[in-house]
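Down below is the structure, laid out as structure tokens.
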Amino acid sequence: MLHPKGSTRLKLGDVICVIGRSEDLYSLNRLFNGDAKLKQERAFFGTFTLDGSALMQDIAQAYGLTLSPGEQSMTLAEFIALRVGGHPVIGDDVDWHGIHWVVSDMEGGKITRVGLRLY
Numbered sequence: 005m006l007h008p009k010g011s012t013r014l015k016l017g018d019v020i021c022v023i024g025r026s027e028d029l030y031s032l033n034r035l036f037n038g039d040a041k042l043k044q045e046r047a048f049f050g051t052f053t054l055d056g057s058a059l060m061q062d063i064a065q066a067y068g069l070t071l072s073p074g075e076q077s078m079t080l081a082e083f084i085a086l087r088v089g090g091h092p093v094i095g096d097d098v099d100w101h102g103i104h105w106v107v108s109d110m111e112g113g114k115i116t117r118v119g120l121r122l123y
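Here you go:
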């Protein structure tokens, strides 16, 4: 067994063992499914992603966006769910303030990640 170093390179046919948490499985699958799939996902979901629990007031401040008084206390997940009609699915999108917001991950019917594609 070899412990990887910064110069370690994987080759086709190598067998690896990863010890981690079950919640990291999705990210590991994305990592090891190759660069082409990751580029396709980035083209669809956007280069940047935000956590669904992020507060809209913080996002608005960071990106210079304007919110209505009712939107200021919402999370990003709540905001997007409201904009898509209350029953979001992965791939749902909202065009808002020149940004394309795309639901990129969900858990138990709740948005957990939102991708951002800038125009």
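Note that the working numbering gives residue 57 to position 53 of the sequence shown, counting from 1, and the numbers run on in steps of one.
Glycine residues also receive a C-beta, built at the ideal position from the N, C-alpha and C atoms.
Note that this is a predicted model, so its numbers are computed, not measured.
Residue closest to R25, alpha-carbon to alpha-carbon, out of G90, N33 and P8 = N33
Throw me the rounded Cβ distance for the I23 and L14 pair, which I believe falls under 8 Å.
-> 16 Å between Cβ atoms; not a contact.
Name the two residues that bound the continuous beta strand (DSSP E) containing M60.
-> Premise fails: M60 lies in the alpha helix (DSSP H), M60 to Y67, not in any beta strand (DSSP E).
In its own chain, which residues sit with a C-beta less than 8 Å from the C-beta of I63, not counting the 5 before and 5 after it?
-> L54, L69 and L80
Quick one: what does DSSP say R87 is sitting in, helix, strand or coil?
-> helix
So which of P73, S77 and G112 has the shortest CA-CA distance to A58?
-> S77
Confirm, please, whether the CB-CB distance from S108 to R117 is below 7 Å.
-> yes
Simplified DSSP assignment, three categories, for L80 = helix
Identify the continuous beta strand (DSSP E) that holds E111 and give its terminal residues.
-> I103 to E111
Bridge partners of I23, per DSSP?
-> Partner(s): none; I23 has no beta bridge.
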